[in-house]
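Visitor:
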Amino acid sequence: MRVLLVEDDRMIAQGLQTALRQDGYTVDWMGDGNSAAAALHSSHFDLVLLDLGLPERDGLEVLRELRRRGDATPVLILTARDEVQDRIDGLDSGADDYIVKPFDLDEVSARMRSVLRRANGRGDPCIRAGGICLNPATHAVEQQGVPVQLSAHEYAVLEALLQRPGAILSRAQLEDRLYGWDTQVESNAVEVYIHSLRRKLGSEAIRTLRGVGYFIPKE
Amino acid sequence: MTSIRARLLVALLTLVACASLFAGALTYRRVLAETSTLFDYQLRQMALSLRSQVSLAPRLELPPDQGDADFVIQIWDAFGARVYLSRPGLPLINRAVLGYDDLSLQGQIWRVYSLQTVDGVIQIAQPVRVRQALARAAALRVVIPLLLLLPVLGVAIAWVVRGSLSPLRRVAAEVQRRDVHSLAPIGSIPLPQEIAPLIDALNMLLVRLQAAFATQRAFVADAAHELRSPLTAVRLQLQLLDRAPDESARLEARTALGAAVERAIHLVEQLLTLARNEPRTSSGALSPVALEEVVADAIGDTHALAVARAIDLSLDAQSTVLIQGDREALRAMVRNLIDNAVRYTPVGGQVRVVCRSTAEAAVLEVIDTGPGIAAADRERAFDRFYRRASAAEEGSGLGLAIVKAIADRHGAHVTLEDAAAGGLHVTVRFARGLSVA
Chain G
1 MRVLLVEDDR
11 MIAQGLQTAL
21 RQDGYTVDWM
31 GDGNSAAAAL
41 HSSHFDLVLL
51 DLGLPERDGL
61 EVLRELRRRG
71 DATPVLILTA
81 RDEVQDRIDG
91 LDSGADDYIV
101 KPFDLDEVSA
111 RMRSVLRRAN
121 GRGDPCIRAG
131 GICLNPATHA
141 VEQQGVPVQL
151 SAHEYAVLEA
161 LLQRPGAILS
171 RAQLEDRLYG
181 WDTQVESNAV
191 EVYIHSLRRK
201 LGSEAIRTLR
211 GVGYFIPKE
Chain P
1001 MTSIRARLLV
1011 ALLTLVACAS
1021 LFAGALTYRR
1031 VLAETSTLFD
1041 YQLRQMALSL
1051 RSQVSLAPRL
1061 ELPPDQGDAD
1071 FVIQIWDAFG
1081 ARVYLSRPGL
1091 PLINRAVLGY
1101 DDLSLQGQIW
1111 RVYSLQTVDG
1121 VIQIAQPVRV
1131 RQALARAAAL
1141 RVVIPLLLLL
1151 PVLGVAIAWV
1161 VRGSLSPLRR
1171 VAAEVQRRDV
1181 HSLAPIGSIP
1191 LPQEIAPLID
1201 ALNMLLVRLQ
1211 AAFATQRAFV
1221 ADAAHELRSP
1231 LTAVRLQLQL
1241 LDRAPDESAR
1251 LEARTALGAA
1261 VERAIHLVEQ
1271 LLTLARNEPR
1281 TSSGALSPVA
1291 LEEVVADAIG
1301 DTHALAVARA
1311 IDLSLDAQST
1321 VLIQGDREAL
1331 RAMVRNLIDN
1341 AVRYTPVGGQ
1351 VRVVCRSTAE
1361 AAVLEVIDTG
1371 PGIAAADRER
1381 AFDRFYRRAS
1391 AAEEGSGLGL
1401 AIVKAIADRH
1411 GAHVTLEDAA
1421 AGGLHVTVRF
1431 ARGLSVA
């Protein structure tokens, strides 16, 4: 799950990155409005954590531009602006949620999960498909009611595939979700994770469409 | 509490009463003088007419006068014998001073006219009180109506004063409506010119108060807002510390937590420095301060950061530069200037501090090799919580605002320019003679 963190405060950004990585997210960090807009233009993110008071370009402007382009990437505003009007402006500009600083880390995590859930059209906090049940809050994975132990990377790949059952994700897309820009990607890492997932969940759990990518069949 | 109305009432009524009495006294004197002239003339005329009668009939038996007559007539013959007295039992004098004379007799004063005739002396006397009574009556005729008018005048004065003071009551009501939240100037009341200056002064005060309150409110709001970021960092690191999966993560979170706390403390200190040097709130007397000593202290304060960032920090002080100032405030000012320069200058750069003295000013310069500030942003750079985008380290955003506040307090002028070798060149100019603020 790839997250873009847009935050000009270095300390908060570093703390959030640590926390998000511990939660299993892949995080890219931008410190100003212009680079954030450029990043949103060039790459796909599953979620954006957006500060409003940014150098170069205001966060609201970045958000409005994103929505004008028709990009529906979930955006969660994280800001020190606490006036009711600020919240209204933020939500009406296309934000999916609005959190005021100083925030509680667990609440941010819960709201991120909630926003992601809704973005994928689910109400159930657990993601279910093909007899697999994945709980993003606890990172617990069960198959037919039996708990399965997964590594962080295996979990990330499975979560990406489960988000939209039936949809095919290419190796490149999966790598994108697994690694930020600053990480070196090992050439066959995705194959390795798919292989171990099949070993733990059964060979039929994840299908391959040769030359295109991987998918988890819809029920 | 003194009442203008009561004072005016008492003063005006007293004045009117005094004026009435004075007019009465004046009338009395004038009438007395006039009647005296008149009666004296009359006395003489009577004496002269009697002389012609007496000379014709020296033994004329004049009828005795009625007791209440104003005049007493006495005729003496040439041998000094009284031949006639108009009111017996009332002997005037035996010796006569010719012409007019005042005589005290039986408790009253008499005006006497004595006329020498061929065969004696004719004396005519009149009590002075007759004349006084006339004068008194004339005076009373003047005074009494005036005194009777006093109550009417009093009511009228009270009414006029009340009317004249009514704008004061309206102003009081207007002022009463003002509070911290509505300090609008008092306007559109038609005011007498005596009260207008008071209202003008009051309005100016209200405007200044309003500005001061607005500044204060903005400052508090800004401060509260700005404290959120360091506090967010503190909370974040605290939670990361709680959930750290291993010892190295815990150590990392603890270090970051320490840094976040330091940052919050730094911001609070900067806020305090700024608040202490806000115009009109600053206290502390100014005394002679050697600028280069202050700079040396400030360099000591910022030395560690400069070393950490491998910045070549140098001081160029020609000679002793004395200015009038608050030493601690100046140290904070120089520290902020150097701190800013060191933070914004890339690692390995230079920061040069110059202390010099010219004929008309003491000059402090801080020159760095950092990115500088674009000309368009220089005005804004002095605003509270203004931050340059390229900050390598998290600053409070208050540095230049503090510099400006302290410089203003010392009557000094701060300018931002491009340094010759790129970077920012800050000049603080302490004008001589003006630095005693």
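Top to bottom, those sequences are chains G and P.
The first sequence runs 1 to 219 under the numbering used here.
The second sequence runs 1001 to 1437 under the numbering used here.
For glycine and all other residues, C-beta sits at the position ideal for the given N, C-alpha and C.
Could you pull out every residue in the same chain whose Cβ sits closer than 7 Å to the Cβ of residue 143 of chain G, ignoring the five residues on either side in sequence?
Guide: Sequence-distant Cβ neighbours of residue 143 of chain G in its own chain, meaning closer than 7 Å and more than five residues away, are 131, 132 and 201.
Visitor: Is the shortest distance between the beta-carbon of residue 200 of chain G and the beta-carbons of chain P less than 8 Å?
Guide: no
Visitor: Between residue 1082 of chain P and the rest of its own chain, which residues show a CB-CB distance below 6 Å, the 5 nearest in sequence each way excluded?
Guide: So the qualifying residues of the chain are 1076.
Visitor: Please list the partners that residue 1263 of chain P has in chain G, where partner means a Cβ-to-Cβ separation under 8 Å.
Guide: 11
Visitor: So, using beta-carbon positions, are residue 160 of chain G and residue 174 of chain G closer together than 8 Å?
Guide: yes
Visitor: Please list the residues of the segment 1312-1331 of chain P that have a C-beta atom closer than 8 Å to any C-beta atom in chain G, keeping them in chain order.
Guide: none
Visitor: Using the beta-carbon count (16 or more within 10 Å), is residue 1226 of chain P buried or exposed?
Guide: Classification for residue 1226 of chain P: buried.
Visitor: Using a Cβ cut-off of 8 Å, which residues of the segment 1252-1278 of chain P contact any Cβ in chain G, in chain order?
Guide: 1252, 1253, 1256, 1259, 1260 and 1263
Visitor: Could you run through the segment 101-121 of chain G and flag, in chain order, every residue whose CB is less than 8 Å away from some CB of chain P?
Guide: Of all residues in the segment 101-121 of chain G, the ones placed with a Cβ closer than 8 Å to any Cβ belonging to chain P are 101, 102, 103, 104, 105 and 106, in chain order.
Visitor: Less than 8 Å between CB atoms is the rule here; does residue 76 of chain G satisfy it with respect to chain P?
Guide: no
Visitor: Nearest to residue 1 of chain G by alpha carbon, out of G:45, G:191 and G:19?
Guide: G:45
Visitor: Does the beta-carbon of residue 214 of chain G have 16 or more other beta-carbons within 10 angstroms, so that it is buried, or is it exposed?
Guide: buried
Visitor: Considering residue 1076 of chain P, what are the terminal residues of the beta strand (DSSP E) in which it resides?
Guide: 1072-1077
Visitor: In whole angstroms, give me the CA-to-CA distance for residue 1199 of chain P and residue 1186 of chain P.
Guide: Each residue's Cα considered, the two are about 7 Å apart.
Visitor: For residue 1421 of chain P, collect the residues of the same chain with a Cβ closer than 7 Å to its Cβ; drop the 5 residues on either side in sequence, then sort them by chain order.
Guide: 1369
Visitor: So the candidates are P:1025, P:1031, P:1029 and P:1072; which of them puts its Cα closest to the Cα of residue 1043 of chain P?
Guide: P:1072
Visitor: In the segment 1280-1312 of chain P, which residue ranges form an unbroken beta strand (DSSP E) of at least 3 residues, counting only runs that do not cross its ends?
Guide: Counting only runs of at least 3 residues, the segment 1280-1312 of chain P fully encloses the following beta strand (DSSP E) elements, listed from N- to C-terminal order: 1287-1290.
Visitor: Just to confirm, is the Cβ distance from residue 1125 of chain P to residue 1112 of chain P under 8 Å?
Guide: yes
Visitor: In chain order, what residues of the segment 1412-1423 of chain P put their CB closer than 7 Å to some CB of chain G?
Guide: none
Visitor: Which same chain residues end up closer than 8 Å to residue 1023 of chain P when comparing Cβ atoms and leaving out the 5 residues on each side of it in sequence?
Guide: 1142, 1143 and 1146
Visitor: What is the residue span of the alpha helix (DSSP H) that residue 142 of chain G lies within?
Guide: In this chain, residue 142 of chain G is not harboured by any alpha helix (DSSP H); it is covered by the beta strand (DSSP E) spanning 140-143.
Visitor: When the cut-off is 8 Å and only beta carbons count, does residue 15 of chain G lie next to chain P?
Guide: yes
Visitor: Within the same chain, show all residues whose beta-carbon is closer than 7 Å to that of residue 1240 of chain P, passing over the 5 residues directly before and after it, in chain order.
Guide: If we look at residue 1240 of chain P and ignore the five residues flanking it on each side, its Cβ neighbours are 1253.
Visitor: If we cut at 8 Å on Cβ distances, does residue 1232 of chain P have a partner in chain G?
Guide: At least one chain G Cβ lies under 8 Å of residue 1232 of chain P.
Visitor: What's the C-alpha gap between residue 26 of chain G and residue 172 of chain G?
Guide: 15 Å
Visitor: Report the rounded CA-to-CA distance for residue 40 of chain G versus residue 66 of chain G, giving the unit in angstroms.
Guide: Each residue's alpha carbon lies about 8 Å from the other.
Visitor: Starting from residue 1362 of chain P, trace the beta strand (DSSP E) both ways and give me its first and last residue.
Guide: That run of the beta strand (DSSP E) goes 1361-1368.
Visitor: Roughly how far, in whole angstroms, is the beta-carbon of residue 3 of chain G from the beta-carbon of residue 49 of chain G, given that I think they are within contact range, below 8 Å?
Guide: 6 Å
Visitor: If you reduce the DSSP assignment to three classes, tell me which class residue 1383 of chain P lands in.
Guide: coil
Visitor: Does the beta carbon of residue 1225 of chain P sit closer than 8 Å to a beta carbon anywhere in chain G?
Guide: yes
Visitor: How far does the alpha helix (DSSP H) with residue 12 of chain G in it reach, from first residue to last?
Guide: 10-22
Visitor: Since residue 162 of chain G contacts residue 127 of chain G with CB under 8 Å, what's their CB separation in whole angstroms?
Guide: 5 Å
Visitor: Within a Cβ cutoff of 8 Å, which residues of the same chain sit near residue 1431 of chain P, ignoring the five residues on either side of it in sequence?
Guide: 1360, 1361, 1411, 1412 and 1413
Visitor: With distances taken between CB atoms, is the gap from residue 148 of chain G to residue 157 of chain G smaller than 8 Å?
Guide: no
Visitor: To which residues does DSSP link residue 148 of chain G through a beta bridge?
Guide: G:141
Visitor: Tell me, which residues are paired with residue 1315 of chain P by DSSP?
Guide: P:1353
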